[in-house]
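Quick note on numbering: the sequence shown equals residues 1 to 759 in UniProt numbering.
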Amino acid sequence: MAMTGTAPWRSPLRAPPTPSRGYNSRPRGLVPAQCRPWPRPSLSSAAVACPRSEEMARLERGSLVVGGRELLERAPPSVALRRPAWLSLFRFKIWWMIPTVGEDAAGVPAETQMLLLESRSEAGAALYALMLPVLDGGFRASLQGSPENELQFCFESGDPEVQTLEAVDAVFINSGDNPFKLMKESIKMLSKIKGTFSHIEDKEIPANLDWFGWCTWDAFYKSVNPVGIEEGLKSLCEGGTPPRFLIIDDGWQETVNGFKEVDEAFIEQTVFAERLIDLTENDKFRGETCKNLGDHVKKIKEHYGVKYVYIWHALHGYWGGVLTTPDAMKKYNPQLVYPVQSPGNVANLRDIAMDSLEKFGVGIIDPAMIYDFYNDQHSYLSSVGVDGVKVDVQNVMETLGKGFGGRVALTQKYQQALEESIARNFKGNNLICCMSHNTDSIFSSLKSAVARASEDFMPREPTMQTLHIATVAFNSLLLGEIFIPDWDMFHSKHESAEFHGAARALSGGGVYVSDKPWVHDFSVLKKLVLPDGLILRAKHAGRPTRDCLFNDPVMDGKSLLKIWNLNKFSGVIGVFNCQGAGNWTYPVKENAHVPTTVCITGDLSPSDVELLEEIAGDDWNGETAVFAFNSCSLSRLQKHQTMEVSLSTMTCEIYTIALIKVFGGFVQFAPLGLVNMYNSGGALENVTSTGDCSEITIQIQCRGPGRFGAYSATRPEICSVDEHEVEFKHTDDGFLAFDLSHGSSQDNLRSIEILYRAS
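Structure below.
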């Protein structure tokens with residue numbers, strides 16, 4: 001397939017859309033090019049920014065040489081690409097990315113923001129090339145295919161006054177033999193080159209992520225109120241899974257809808273045109289139930305043990321921005337503007353919220369005053385006990401750039417002001433970014449450490465549950481290097497609850513639900529949450545295993561989705577059958593998906609867990625104990641051995657991969673952790689041993705309470721917990737188990753000792 005410049009904005013998904021006014025855009029080829037006439041004015045030429053390593057990737061006589069292999073060869077007047085497999089993360093609508101895979105350039109969707117290619121040698125060795133369209137001054141790049149099987153690079157400013165004749169650092173290309181290391185190294189390198197964003201390892205991580213949470217959105221939607229919040233907290237606490245983290249979502253602010261008298265055909269759209277009129281809470285949070293927001297926050301912290309209260313607001317105040325006339329808003333010099341969507345936005349799936357905002361306009365704060373706006377709002381919230389904010393609707397900025405220096409400049413102005421206000425008013429970098437899946441925001445996040453990884457959890461859409469799991473896992477490939485991906489809330493009492501719960505346990509991010517009060521399934525929640533409200537969070541962002549990266553886990557009818565992660569002393573793999581329950585065409589009434597049940601068999605290997613060497617140490621010989629959570633089965637496998645996995649649609653299994661080590665020269669042992677929890681190994685805090693070749697004691701620090709499990713090739717003499725001997729069970733397959741009761745320590749950390757004597 002060829003890579004070259006052709007008519008702007010061609011999309012393989014539909015007829016070429018007409019560029020919106022104010023968008024400077026041009027698809028270009030891979031190789032540097034001088035500016036030349038194009039069908040539309042104010043278009044920019046581009047060059048590709050390659051990493052500063054001759055060994056990894058280089059342009060040589062018009063060809064792209066990757067790892068010593070010519071991946072892109074010169075074929076004037078185009079550049080031909082050998083047929084690799086590719087994975088695209090693209091925006092299917094303005095707010096969110098989803099994945100897709102293919103081989104031909106024509107299939108690369110508009111608004112592709114990450115393109116990963118895999119090329120295999122005849123011997124089967126894999127080489128990966130990563131393409132990241134990035135920000136270049138006031139311009140933003142994206143990728144797309146064309147019907148002529150060409151890969152195009154598209155550039156835009158969002159403001160007709162922001163023009164350029166060249167964009168020299170718009171596409172980053174790197175390569176390597178490990179896709180996960182490639183992604184990490186590339187993002188770290190790119191962050192240093194650009195200086196506009198930071199890698200996740202360089203950010204402060206909010207402490208609330210280690211605690212179970214509850215969000216009010218799906219419980220009440222905009223009808224949220226103090227009584228309902230108290231009921232929800234009470235019901236979860238009484239069930240034994242106390243939420244220590246609360247998000248008061250949309251519905252608490254003082255807003256106005258000035259469009260209720262419009263034509264009935266547009267009534268549904270006007271909800272997104274509502275505007276903010278004050279920075280304080282609305283009447284629902286002032287009255288007999290509670291005096292004010294501060295009174296409510298104080299009460300729920302004292303009565304229900306909530307540690308962190310977050311509150312929702314939009315990046316620009318509210319969905320429709322701010323009302324320009326109230327005295328409370330005039331100080332920020334707001335003005336009414338009308339969004340202009342880029343051709344890339346409308347090439348895929350239109351969004352009802354943007355249709356509304358285009359019709360009714362947005363009240364936008366003067367960028368010169370936006371820090372004052374955030375600081376005033378956040379200082380008020382902090383003064384009444386709020387600990388952080390969830391900031392939504394962030395991508396709207398890309399449509400408002402005209403007259404403000406363009407989409408990139410406006411986004412960065414708002415993002416910088418937001419992060420400065422968060423740092424000043426809240427402890428711990430307590431911010432969740434949401435609806436922020438454009439590179440304008442992603443590559444402008446210097447401090448923001450948490451971002452939503454997908455479209456909302458939608459409890460009323462049965463065909464979207466498997467899509468959600470696949471999307472968050474694939475999107476975390478990119479997002480997980482810059483943020484802790486937030487895989488969103490879910491319902492514990494839902495037909496997909498086990499599916500979602502298991503995935504959240506592997507996510508490496510927060511775990512929170514949006515159950516209605518008294519509508520919970522505690523058999524699901526107690527596999528995620530300890531009685532003190534702690535969750536067992538894994539070390540990294542959960543991502544698809546290497547052998548899943550170029551498969552379609554939702555629609556190809558044959559592929560299982562495997563998601564891997566690491567804990568301190570073990571790996572974990574979740575296997576999900578996402579086939580048959582949905583498709584990548586998001587709900588369209590006239591083309592409804594009919595769910596089917598598909599049983600799929602695949603394989604699993606300890607080597608599916610990347611970076612095991614990080615936790616293995618020099619004394620590991622590659623032996624593992626593999627514990628299956630649902631079947632409670634234990635297997636012993638070498639690192640590269642495989643085992644068969646069979647699952648039906650909407651079912652899953654979680655495997656703890658524990659490293660077997662030899663203690664004292666005669667005990668083969670691997671701690672599993674709390675085997676009653678989805679992420680069993682997340683409970684382990686420390687493993688040491690004392691003794692000699694005649695007697696050895698293995699000492700473990702493990703969170704509890706729960707059922708502790710381990711692989712032990714031999715039966716121990718004594719097991720004790722907090723210096724008290726306990727009864728234990730040991731089976732022929734090496735499974736050792738005993739109970740950890742509730743302890744007296746504040747952190748519920750149990751001290752375990754397991755004694756062995758040589759025979």
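Note that the Cβ used here is the ideal one computed from N, Cα and C, for glycine as well.
Continuous beta strand (DSSP E) stretch holding residue i: start and end
i: Ser277; result: The question names Ser, yet the displayed sequence has Ile at residue 277. Ile277 -> beta strand (DSSP E) spans Arg275 to Glu281.
i: Ile432; result: Leu431 to Cys433
i: Pro133; result: Ala126 to Pro133
i: Asp739; result: Phe735 to Leu740
i: Tyr756; result: Leu749 to Arg757
Same chain only: Cβ atoms within 8 Å of residue i, ignoring 5 sequence neighbours per side
i: Phe499; result: Gln465, Thr466, Ile469, Phe576, Met650, Thr651 and Cys652
i: Cys693; result: Gly664, Gly665, Phe666 and Ala758
i: Asp210; result: Leu534, Ile535 and Arg537
i: Asp488; result: Arg452, Ala453, Ser454, Asp456, Phe457, His468 and Val472
i: Asp717; result: Looking at the sequence itself, residue 717 is Glu, so the reference to Asp does not match. So the list reads Leu755, Tyr756 and Arg757, once near-sequence residues are dropped.
i: Asp547; result: Lys562 and Asp608
i: Glu281; result: Trp252, Gln253, Glu254, Asn292 and Leu293
i: Leu352; result: The question names Leu, but residue 352 in the sequence shown is Ile. Excluding sequence neighbours, Ile352 sits near Glu268, Gln269 and Phe272.
i: Asp603; result: Thr642, Met643, Glu644 and Val645
i: Gly137; result: Thr164, Ala167 and Val408
Rounded separation between residue i and residue j - CA only
i: Asn24; j: Gly102; result: Annotation note: pLDDT 45 at Asn24 (below 50); position unreliable, coordinate value reported separately. One C-alpha to the other measures close to 29 Å.
i: Gly622; j: Leu637; result: 9 Å
i: Lys307; j: Thr690; result: 38 Å
i: Tyr374; j: Gly145; result: 40 Å
i: Ser523; j: Gly239; result: 10 Å
i: Leu740; j: Arg703; result: 9 Å
i: Gly743; j: Pro705; result: 7 Å
i: Pro531; j: Thr216; result: 21 Å
i: Ser119; j: Lys558; result: 22 Å
i: Pro671; j: Ser448; result: 35 Å
i: Leu479; j: Val645; result: 29 Å
i: Ile94; j: Gly344; result: 9 Å
i: Pro37; j: Gln152; result: Any reading at Pro37 needs caution, since the residue's pLDDT is 23, under 50, leaving its predicted position unreliable; the model's value is listed next. Their Cα atoms are separated by approximately 17 Å.
i: Ala314; j: Gln253; result: 11 Å
i: Val271; j: Lys222; result: 11 Å
i: Ala625; j: Asn551; result: 28 Å
i: Tyr512; j: Leu566; result: 21 Å
i: Met555; j: Asp733; result: 38 Å
i: Leu612; j: Asp283; result: 54 Å
i: Arg460; j: Ser496; result: 11 Å
i: Leu89; j: His296; result: 42 Å
i: Val598; j: Gly582; result: 12 Å
i: Phe212; j: Thr241; result: 8 Å
i: Ile277; j: Thr601; result: 56 Å
i: Glu695; j: Lys729; result: 21 Å
i: Cys290; j: Gly403; result: 44 Å
Same chain, Cβ closer than 7 Å to residue i, five either side skipped, listed in chain order
i: His520; result: Ser235, Leu236, Gly239, Ser492 and Lys493
i: Leu749; result: Glu685, Gln701 and Arg703
i: Ala710; result: Phe669, Ala670, Pro671, Leu672 and Leu736
i: His199; result: Ile187, Lys188, Ser191, Glu481 and Ile482
i: Glu614; result: Leu566
Residues near residue i in its chain [Cβ-Cβ closer than 6 Å; skip 5 each side]
i: Asp440; result: Arg140, Glu398, Arg407, Val408 and Thr411
i: Phe92; result: Ile98, Asn348 and Leu349
i: Leu674; result: Ser680, Ala683 and Gly706
i: Thr656; result: Ser570, Val572, Phe627, Leu672, Ser680 and Gly681
i: Ser421; result: Tyr374, Asn375 and His378
i: Leu130; result: Leu116, Asn174, Leu182 and Ser186
Extent of the continuous alpha helix (DSSP H) to which residue i belongs
i: Phe669; result: Phe669 -> not in any alpha helix (DSSP H); beta strand (DSSP E) instead, spanning Val667 to Leu674.
i: Ser191; result: Pro179 to Lys194
i: Tyr310; result: That residue, Tyr310, is in no alpha helix (DSSP H); its beta strand (DSSP E) goes Tyr308 to Ala314.
i: Thr471; result: Gln465 to Leu479
i: Ser356; result: Ile352 to Phe360
i: Lys330; result: Asp327 to Lys330
i: Pro606; result: Looking at the DSSP string, Pro606 is not in any alpha helix (DSSP H), and its letter there is neither H nor E.
i: Phe522; result: Phe522 to Leu525
For residue j and residue i, believed in contact at Cβ under 8 Å, the rounded distance
i: Phe172; j: Leu132; result: 4 Å
i: Ser445; j: Phe197; result: 5 Å
Exercise for the section: Report yes or no: do the region 150-168 and the region 216-228 share at least 3 C-beta pairs separated by less than 8 Å? Expected result: no
Handout entry: Three CB pairs or more closer than 8 Å across the region 185-202 and the region 362-379
Key = no
Handout entry: Segment contact flag, the region 296-312 with the region 356-364, C-beta cutoff 8 Å, min 3 pairs
Key = no
Exercise for the section: Evaluate the contact criterion for the region 312-322 versus the region 247-259: three or more CB pairs, one atom per stretch, below 8 Å. Expected result: yes
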